[in-house]
Each structure stands twice: as structure tokens, then as C-alpha cells.
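Peer 1: Quick one: structure below, then a few questions.
Numbering (this note's numbering), first residue to last: 13 to 119.
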């Protein structure tokens, strides 16, 4: 387990990166409980706050000279550590507005 003292549930979003047999086996190994993907979940990526967080990280990494995995990992961790509770709260509080936009577009 990654967090042995905490009950962590893996929520799978059906992203193709998570579909390899290695990834699926590792998820099974590390997470006792798992929410399986819904066919429509990947189509709602704009709704989920974590997708915006990853977009923020990717934006900050663009243009950086990164030559190896260790540098990439360190850069991601540095950027991740700049994400504040206020930023997270804004993302979470924006979900109803995002859902309404989706409904309005009949998407």
C-alpha cells in the first residue's frame, strides 16, 4: 500500500495511459479498493479538478530544459508544491459552473 494508515480508493478515469497491463497490475497491487472507469468519464476531463492541476503543471514545464527523468520528477514536485489550498478550493468550487456549461452545450 502507498498509504498504509489511510483507506485510499483508486478512481480510474479510463485514460489510455492507465490501460497498460503493467499499470493495471500495479493499481491492483497498490489499491485494495477501486472505482472502475465509466465509459463517459474520460469525456468529462474538463470537469475534474485534477485535470486542471496537470494542465497547470504541463504549462509550467513547457519550455524547461529537462534532460532526464530525475529532472522531470523534481520539476513536477516543485510545481506541485506551489499549488495552494486556495487554488484547489477554487477548482473544486468551479465544478458546478463547469457542469452547467456541459449541460448547456448538451455535452
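Glycine residues also receive a C-beta, built at the ideal position from the N, C-alpha and C atoms. All of these numbers come straight from a predicted model, not from anything done at the bench.
Beta-carbon within less than 8 Å of residue 8's beta-carbon, same chain only, minus the 5 sequence neighbours each way: which residues are those?
Peer 2: Here the chain covers residues 13 to 119 and nothing more, so residue 8 does not appear.
Peer 1: What alpha helix (DSSP H) runs, 4 residues minimum, are completely inside the region 20-89?
Peer 2: For the region 20-89, the continuous alpha helix (DSSP H) assignments of 4+ residues that do not extend past its boundaries occur at 33-42 and 61-73, in sequence order.
Peer 1: Please name the residue in 115, 103, 28 and 97 whose C-alpha comes closest to that of residue 63.
Peer 2: By 1-based counting over the chain shown, the position of residue 63 is 51. Of the candidates 115, 103, 28 and 97, the one whose C-alpha sits nearest the C-alpha of residue 63 is 103.
Peer 1: Considering only C-alpha positions, which residue in the set 47, 113 and 65 is nearest to residue 97?
Peer 2: Walking along the chain shown from the start, residue 97 turns up at place 85. Cα-wise, what sits closest to residue 97 is 65.
Peer 1: Indicate the three-state DSSP secondary structure (helix, strand or coil) for residue 101 in the structure shown.
Peer 2: The sequence position of residue 101 within the chain shown is 89, counting from 1. The answer is helix: DSSP assigns residue 101 an H, G or I state.
Peer 1: Please return the same chain residues whose Cβ sits closer than 6 Å to the Cβ of residue 28, not counting the five positions on each side in sequence.
Peer 2: The residue you call residue 28 lines up with position 16 of the chain shown. Same-chain partners within the cutoff: there are none.
Peer 1: Return helix, strand or coil for residue 117, following the three-state DSSP convention.
Peer 2: On the chain shown, residue 117 is found 105 positions in, with the first residue counted as 1. Looking at residue 117 - three-state DSSP - the assignment turns out to be coil, as it is neither helix nor strand.
Peer 1: Identify which residue in 42, 71 and 39 has its Cα closest to the Cα of residue 88.
Peer 2: Within the chain shown, numbered from 1, the residue matching residue 88 stands at position 76. Comparing Cα positions, the closest option is 71.
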